[in-house]
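Mapping of the sequence shown onto the UniProt record's numbering: position 231 corresponds to residue 231, and the numbering continues sequentially without gaps.
Backbone N, C-alpha and C fix where the C-beta goes; we use that ideal spot for every residue, glycine too.
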Amino acid sequence: MRSGTMGRFQYGVCEWSLKARGRELCRIAAEQKLDCLQLGVGEEVLDGKGLGSPAVIEAYRQGSAEYGVEICSLSPQFVDQYSFTMPQGAEEERIAAELVDRTIDLCGEFGCKSFLLPVLGKNGICDGPSFHRAAAYIRRFSEKAAEKGIETHLEINQSVEQVHNLLDAVDNPMVKIFFDSQNLYVYDGTSMARYFTALADLIGGVHLKDGVGPMLSGSLLGEGTSGFFRTARAILDSDYKGCLILESVYDKASVCGRGAPEELLARDAALLHRVFD
Numbered sequence: 001m002r003s004g005t006m007g008r009f010q011y012g013v014c015e016w017s018l019k020a021r022g023r024e025l026c027r028i029a030a031e032q033k034l035d036c037l038q039l040g041v042g043e044e045v046l047d048g049k050g051l052g053s054p055a056v057i058e059a060y061r062q063g064s065a066e067y068g069v070e071i072c073s074l075s076p077q078f079v080d081q082y083s084f085t086m087p088q089g090a091e092e093e094r095i096a097a098e099l100v101d102r103t104i105d106l107c108g109e110f111g112c113k114s115f116l117l118p119v120l121g122k123n124g125i126c127d128g129p130s131f132h133r134a135a136a137y138i139r140r141f142s143e144k145a146a147e148k149g150i151e152t153h154l155e156i157n158q159s160v161e162q163v164h165n166l167l168d169a170v171d172n173p174m175v176k177i178f179f180d181s182q183n184l185y186v187y188d189g190t191s192m193a194r195y196f197t198a199l200a201d202l203i204g205g206v207h208l209k210d211g212v213g214p215m216l217s218g219s220l221l222g223e224g225t226s227g228f229f230r231t232a233r234a235i236l237d238s239d240y241k242g243c244l245i246l247e248s249v250y251d252k253a254s255v256c257g258r259g260a261p262e263e264l265l266a267r268d269a270a271l272l273h274r275v276f277d
């Protein structure tokens, strides 16, 4: 963890960026002067594994205390398999919803002030019915989270107008947007700097990653084509204060030949400090 008074931003990394878990992941984050971790809640929790295991939860708590690295946020990991916006049956919908509910409950255990709710991929919005299903579920989840003092941060591949429409439909001030610096650029070529600026007042968290063309997380920060430095300038010029979380996948084929995952994280973390400190 960085020494001294906390600055404008908290720097972090996603659990799914690396293979390390528990205390070891906390150690790695602390070595790179990162403040926090965002953890994933996968289907394994339903079988008492991963964050469904008290031993795993305790390992993170101990690592967090030992290394001064906060567990700042959790996110259900289901959008490649399950959906509540466009489910292919009641069982798929049930699993997706249960994973979100479990994520909110775990946020309470870790003391997280927010959770990331992905509304993209298989769980995206593509038409009227999926919009209305999304809005209804987000209302339900965000009301449950708000009762615990937890904000709901939506990660969503929608235009600025569509984002406003969804937030109007949900109508909960505890719901914000979790901005990703590459997703929409890959999806349809959106300028991520302009997108951030247009939604800056609604943003509750930020993922940072980069890549060339359509490849998600295929490059280190600033080495892709998604306009990382323009996006960074937009963030710095805004009033945003909060987490900047690295979401690069450091064992991805396009970058893993350039060094060990921890070495690649170190390079991204160093750039993060140079740009935003």
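(message) Measuring CB atoms only, is the region 225-235 touching the region 156-167, in the sense that at least three cross pairs come out at less than 8 Å?
(response) Because the criterion of three Cβ pairs below 8 Å is not met, the region 225-235 and the region 156-167 do not touch.
(message) Suppose you measure from the CA of Asp80 to the CA of Leu120; what does that come to, to the nearest Å?
(response) Taking the straight line joining both Cα atoms gives about 9 Å.
(message) Using a Cβ distance threshold of 8 Å, determine whether the region 49-57 contacts the region 23-34, with at least three qualifying pairs required.
(response) Flag = no, the region 49-57 and the region 23-34 do not touch.
(message) For Ile57 and Tyr137, I'd like the C-alpha separation in whole angstroms.
(response) Between the alpha carbons of Ile57 and Tyr137 lies a distance of about 27 Å.
(request) Could you please give the first and the last residue of the uninterrupted beta strand (DSSP E) stretch that includes Pro76? (result) In the DSSP annotation of this structure, the continuous segment of the beta strand (DSSP E) that includes Pro76 starts and ends at Glu70 to Pro76.
(request) With distances taken Cα to Cα, identify the nearest neighbour of Asn172 among Asn183, Phe276, Leu184 and Leu154. (result) Answer by Cα proximity: Leu154.
(request) May I have a chain-ordered list of the alpha helix (DSSP H) segments no shorter than 4 residues that lie completely inside the region 25-70? (result) Listed in chain order, the alpha helix (DSSP H) elements of length 4 or more contained wholly in the region 25-70 are 54-67.
(request) Can you give me the start and stop residues for the beta strand (DSSP E) that Pro118 sits inside? (result) Here the beta strand (DSSP E) through Pro118 covers Ser114 to Val119.
(message) Buried or exposed, going by whether 16 or more other CB atoms sit within 10 Å of the CB of Glu70?
(response) Glu70 should be labelled buried.
(request) Assuming Glu93 and Phe84 form a contact by the criterion Cβ under 8 Å, report the distance between their Cβ atoms to the nearest whole angstrom. (result) Going by Cβ atoms, the distance from Glu93 to Phe84 rounds to 5 Å, so yes, they are a contact pair.
(message) So, with DSSP's three-state summary, where would you put Thr85?
(response) In this structure, Thr85 counts as coil in the three-state DSSP scheme.
(request) Say whether the region 260-271 touches the region 192-206, bearing in mind that this needs 3 or more beta-carbon pairs closer than 8 Å, one atom from each stretch. (result) The region 260-271 vs the region 192-206: no contact.
(request) Report yes or no: is there a C-beta of chain B within less than 8 Å of the C-beta of Leu18? (result) Among the chains of the structure shown, chain B does not appear; only one protein chain is present.
(request) Can you tell me which of the three DSSP states Cys126 falls into? (result) In this structure, Cys126 counts as coil in the three-state DSSP scheme.
(request) Note down, in chain order, each residue of its chain lying with its Cβ closer than 7 Å to the Cβ of Ser3, except the 5 sequence neighbours on either side. (result) Residue placement at Ser3 is poorly supported in this model, since its pLDDT is 43, which falls under 50; the coordinates are not used for a value here.
(message) For Ser219 and Gly257, I'd like the C-alpha separation in whole angstroms.
(response) Approximately 12 Å, taken between the alpha carbons.
(message) Given this structure, state the Cα-to-Cα distance separating Met1 from Gln10, to the nearest angstrom.
(response) With a pLDDT of 49 at Met1, under the threshold of 50, the modelled position of this residue cannot be trusted; read the value that follows with caution. For Met1 and Gln10, the distance between alpha carbons rounds to 10 Å.
(request) Mind checking who Val13 pairs with in its DSSP beta bridge? (result) DSSP output for Val13 lists Leu37 and Leu246 as bridge partner(s).
(request) Whole angstroms is fine: what's the gap from Cys107's alpha carbon to Leu39's? (result) Those two C-alpha atoms are separated by around 10 Å.
(request) Determine the direct distance from the alpha carbon of Asp47 to that of Asp180, and round the result to whole angstroms. (result) Rounded to the nearest whole angstrom, the C-alpha separation of Asp180 and Asp47 is 30 Å.
(message) Excluding the 5 residues flanking Cys126 on each side, which residues of the same chain have their C-beta closer than 8 Å to its C-beta?
(response) Result list for Cys126: Met86, in chain order.
(message) Assuming the contact rule is C-beta atoms closer than 8 Å, Ile245 and Val41 should be a hit. Round their C-beta distance to whole Å, please.
(response) Contact flag wrong, Cβ pair sits at about 16 Å.
(message) Whole angstroms are fine: how far does the CA of Ile235 sit from the CA of Thr190?
(response) When rounded, the distance between both Cα atoms is 16 Å.
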